[in-house]
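In the working numbering, the protein residues as written are 2 to 235.
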């Protein structure tokens, strides 16, 4: 079955995410745009994901437990998991490794935790956009140990991407997909990889339209992760 997706969306927990990126707003916008599968991938944090998973069920939208991790090298990696518990365990290690630097709301924005009614129930004080203490190799191992999937984020960007920082994708970094935002992007360094097209939305209007599809056997987290682990198509 072919399902429309956007697997890189920031909620109001990310300081760069607009305050309008609340759980209900994200789910309702995705529903209006005809999406079937989402992933909420906040910077180095997961505290709004469980709420989004529950709200997604009301609209028959599958929400994948995910996070956008900043590595020791300042590379952004999308990390997806098969359960919220696996994400939480991984996420606590990432969060605890971040430098103890407070967020400057005026400079970076709010870092909001919200409930199912979009009420603010908490706010993270530690700045979430700093790099963790874990290298890309260590992140890959940590995610793989939990049967998750790692995808290098926005490889077509000039900052915080694996190509902009390292200039190549290490052979031992055994990923099958890379994320691209601009479909016209061309680079011989990624010709052997499959591409996934996400929005990296920080504002509601930027969430993908129903244009990109995953061709999977059933609408489940397990099938999505299986697809993202495969070099070849089904």
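For each residue, glycine too, the CB sits at the ideal point set by N, CA and C.
{"query": "Could you spell out the range, first to last residue, of the alpha helix (DSSP H) harbouring residue 142?", "result": "137-146"}
{"query": "Just curious, the alpha helix (DSSP H) that residue 30 is in, first and last residue?", "result": "24-33"}
{"query": "DSSP state of residue 54, grouped into three classes?", "result": "helix"}
{"query": "To the nearest angstrom, report how far apart residue 213 and residue 155 are at their CA atoms.", "result": "16 angstroms"}
{"query": "Could you check the C-alpha separation between residue 217 and residue 225 for me, to the nearest Å?", "result": "7 angstroms"}
{"query": "Quick one, which of 106, 230, 229 and 173 has its alpha-carbon nearest residue 20's?", "result": "106"}
{"query": "Could you tell me if residue 112 is buried or exposed, where buried requires 16 or more neighbouring beta carbons within 10 angstroms of its beta carbon?", "result": "buried"}
{"query": "Identify whether residue 96 lies in helix, strand or coil by the three-state DSSP scheme.", "result": "helix"}
{"query": "Measure the alpha-carbon distance for residue 121 versus residue 193 and round it to whole angstroms.", "result": "44 angstroms"}
{"query": "Following the continuous alpha helix (DSSP H) through residue 106, name the residue where it begins and the one where it ends.", "result": "106-109"}
{"query": "Would you grab the beta carbon distance between residue 230 and residue 150 for me? Rounded to a whole angstrom, and I think it's under 8 angstroms.", "result": "6 angstroms"}
{"query": "For residue 132, which residues from the same chain have a beta carbon less than 7 angstroms from its beta carbon, with the 5 sequence-adjacent residues on both sides left out?", "result": "71, 72, 73 and 75"}
{"query": "Looking only at its own chain, which residues have a Cβ that is under 7 angstroms from the Cβ of residue 200, when we skip the five neighbours before and after it?", "result": "7, 9, 10, 207, 208 and 209"}
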